[in-house]
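In this note's numbering, the protein residues as written are 108 to 483.
Even glycine gets a Cβ: it sits at the ideal position worked out from N, Cα and C.
None of the values given here were measured: they were computed from a predicted structure.
Worksheet: the structure to be examined is printed underneath.
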């Protein structure tokens, strides 16, 4: 089905701004005839123009475009701290999904078989059975340290394209962005490398849960399951049982915290994740709760001055990486088909550096450097 714009919505937005079609064309950077064709349904904006149109008029993707809702991008965020997701965040993510659609034609052929989790129950025993099966699939024991490298292969096997980005430690609203394109049967997962390893591992496990459960991706129940799955996968019941047995023997809150902290360091995950999994185990087994409270755990974790280097610094020291190094790491470290597909599309279609900028969310100088590396 050919997509068309909601012309009435656009005309109403123009009237509210006191603009005519020519003014809109200048703001978007296209000809007045292009805008006329869009409004008549004779043509449809290219992804970059569509994104500019949506942001210029402050219109959500669902209000701007008449599409079959079954084919609309499904988006989910892994937010930073207490950041609030607004309609603007959703709108931009939906527009980015539309921008990525042409790129899917340059990706490898889709997998005929994918891993899916049918049971998204949060019940303790059922969730533990799920993560035990996933760990077995990954080829590691229930008490083994789960590295993020172990998770990477699962994304490619399930048509999920990792897009490693460097968005800064505090700049953006999200640290991970999940965009499922149902019609194309492809998922793009943006992962911010400017974060600590303990958080990065949790986000990767969280995103893997979305990949395994596409039916609930982007829904509240999907977010709840992804969070619960990530914590249990990184620190399952067997580990929680062993750490609980040691922690309850600690005579003080401080000594108990030391036990939890040692486990967190050994498994390269956050102190809070260990605390939560041990607490959930105790609750499920009807055992006495830990002495330490959740606020005390947060206070210790937030006051810690040493959380290790950022993933980006570990990968690319010294920062910033050269474009060629950054592009190569996406393939060699994250097994991502993103940049080979982007290179093929840029060369075949003659697409400019502006597409790279919008697809990666980077400043124009950085986007230009990556564009030149991809097209040389």
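Give the single residue among the options whose Cα lies nearest to the Cα of residue i.
i, options, result
"residue 452", "227, 215 and 198", "215"
"residue 302", "264, 418 and 201", "418"
"residue 262", "274, 313 and 232", "313"
"residue 341", "318, 354 and 305", "305"
"residue 410", "386, 378, 387 and 420", "378"
"residue 135", "114, 360, 122 and 152", "152"
"residue 201", "286, 228 and 270", "286"
"residue 271", "423, 351 and 141", "423"
"residue 391", "298, 351 and 358", "351"
"residue 375", "338, 259 and 357", "338"
"residue 121", "160, 461 and 111", "160"
"residue 454", "126, 148 and 213", "213"
"residue 474", "257, 429, 456 and 111", "429"
"residue 325", "181, 172, 471 and 360", "181"
"residue 297", "441, 482 and 470", "441"
"residue 354", "395, 472 and 269", "395"
"residue 319", "258, 349 and 370", "258"
"residue 232", "389, 126, 323 and 432", "389"
"residue 317", "414, 268, 230 and 243", "268"
"residue 162", "147, 370, 203 and 127", "203"
"residue 265", "242, 222 and 245", "222"
"residue 156", "461, 229 and 387", "461"
"residue 273", "433, 116 and 228", "433"
Just verifying my parser: in three-state terms, what is the DSSP assignment at residue i?
i, result
"residue 224", "coil"
"residue 355", "coil"
"residue 372", "helix"
"residue 265", "coil"
"residue 215", "coil"
"residue 249", "coil"
"residue 477", "helix"
"residue 385", "helix"
"residue 360", "helix"
"residue 173", "strand"
"residue 280", "Because the pLDDT of residue 280 is 43, which lies under 50, any placement of that residue in the model is unreliable, and the question is left without a value."
"residue 117", "helix"
"residue 329", "helix"
"residue 402", "helix"
"residue 126", "coil"
"residue 260", "helix"
"residue 427", "coil"
"residue 377", "coil"
"residue 178", "helix"
"residue 291", "coil"
"residue 395", "coil"
"residue 461", "helix"
"residue 137", "coil"
"residue 152", "coil"
"residue 445", "helix"
"residue 324", "coil"
"residue 436", "helix"
Quick check on the burial criterion: 16 or more other C-beta atoms within 10 angstroms. Buried or exposed for residue i?
i, result
"residue 321", "buried"
"residue 405", "exposed"
"residue 118", "exposed"
"residue 133", "exposed"
"residue 75", "With the chain running from 108 to 483 in the structure shown, residue 75 is simply not present."
"residue 220", "exposed"
"residue 237", "buried"
"residue 439", "exposed"
"residue 114", "exposed"
"residue 479", "exposed"
"residue 360", "exposed"
"residue 380", "buried"
"residue 471", "exposed"
"residue 294", "buried"
"residue 154", "buried"
"residue 397", "buried"
"residue 315", "buried"
"residue 483", "exposed"
"residue 393", "exposed"
"residue 108", "Because residue 108 sits at a pLDDT of 45, beneath the cut-off of 50, its placement in the model cannot be relied upon, and the following sentence gives the value as read from the coordinates. Classification of residue 108: exposed, given that the 10 Å Cβ count is below 16."
Where DSSP assigns a beta bridge to residue i, which residues make up the other side?
i, result
"residue 285", "183 and 296"
"residue 417", "303"
"residue 272", "299"
"residue 206", "DSSP output for residue 206 lists no bridge partner at all."
"residue 498", "Residue 498 lies beyond the residue range present for the chain, which begins at 108 and ends at 483; the question has no answer from this structure."
Q. Is the segment 364-376 in contact with the segment 321-333, if contact means three or more CB pairs nearer than 8 Å?
A. no
Q | Three-pair Cβ contact test at 8 Å for the segment 193-201 versus the segment 158-168 | A | yes
Q. Does the segment 302-311 come within contact of the segment 431-448, defined as at least 3 CB pairs closer than 8 Å?
A. no
Q.
Whether or not the segment 289-297 and the segment 395-404 are in contact is what I'm after, with contact meaning three or more pairs of Cβ atoms, one per stretch, closer than 8 Å; do they touch?
A. no
Q: Report yes or no: do the segment 246-259 and the segment 343-352 share at least 3 C-beta pairs separated by less than 8 Å?
A: yes
Q.
Using a Cβ distance threshold of 8 Å, determine whether the segment 463-473 contacts the segment 202-217, with at least three qualifying pairs required.
A. yes
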